[in-house]
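Taking numbering that gives the first Met the number 0, I'd label the letters of the sequence shown as residues 0 to 172.
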Amino acid sequence: MTDESASLDPVELGAYFALIEVSSLLRHAVELQLKEAGGLSYVQFQLLATLGDAPAGSKRMTDLADGVVYSRSGLTHQAGLLESAGLVTRAPSVDDERSVTVTITEAGRAVLATVFPGHIDVLKKLFLAPLGGDDVAELARSLTAVRDHMRSTPPRSAAPRRRSGVRRASDDT
Numbered sequence: 000m001t002d003e004s005a006s007l008d009p010v011e012l013g014a015y016f017a018l019i020e021v022s023s024l025l026r027h028a029v030e031l032q033l034k035e036a037g038g039l040s041y042v043q044f045q046l047l048a049t050l051g052d053a054p055a056g057s058k059r060m061t062d063l064a065d066g067v068v069y070s071r072s073g074l075t076h077q078a079g080l081l082e083s084a085g086l087v088t089r090a091p092s093v094d095d096e097r098s099v100t101v102t103i104t105e106a107g108r109a110v111l112a113t114v115f116p117g118h119i120d121v122l123k124k125l126f127l128a129p130l131g132g133d134d135v136a137e138l139a140r141s142l143t144a145v146r147d148h149m150r151s152t153p154p155r156s157a158a159p160r161r162r163s164g165v166r167r168a169s170d171d172t
């Protein structure tokens, strides 16, 4: 590795820091809105929104963990909280007996319907307001390219786990 490849130019560094700050500020505002409007954490909203957008409102736990880039154990905890609140159900997967499928309930869809108007308002006021239509299109194109590049290597949540050479059913939840 050369010294040149070990550093970022001012524009690259500025883009990185701006992304980090925008991400933090937006996530903070979104978290407040979700908590106030629906009693949801950011991750719980991500899970419900992902399920609400999925065919039949269901996904395997491992696919959910990969999609929201969250640990399997953390996702199991969050899904348990959502299940206790009646917002999702969990059941053995019909496609893979080692997996668990999570399905959004009508109550979960109702919570989404409650939080979405405020969520969209936060996004429009904080994130999209200073941008024109062409800016939004360019940002979407750029972020999609970066996301697709980063997704070409699955996040750790999607990597198979092995313990002592034995695979357990709980490894896929």
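A virtual CB, placed ideally from N, CA and C, is assigned to each residue, including glycine.
Check: Candidates 15, 36 and 4: closest to residue 119 by CA position; Outcome: 36
Check: Closest residue to residue 103 among 7, 13 and 45 (Cα-Cα distance); Outcome: 45
Check: Same chain, Cβ closer than 6 angstroms to residue 57, five either side skipped, listed in chain order; Outcome: 100 and 102
Check: Other residues of its chain near residue 111: CB distance less than 6 angstroms, five sequence neighbours each side excluded; Outcome: 47 and 51
Check: Counted within 10 angstroms of its Cβ, other Cβ atoms place residue 65 as buried (16 or more) or exposed; Outcome: buried
Check: Cβ pair count under 8 angstroms reaching 3, the stretch 123 to 130 against the stretch 79 to 86; Outcome: no
Check: Residue span of the beta strand (DSSP E) that contains residue 59, given as start and end; Outcome: 57 to 59
Check: Beta-ladder partner(s) of residue 200, from DSSP; Outcome: Absent from the model: residue 200. The displayed extent of the chain is 0 to 172, so no value can be given.
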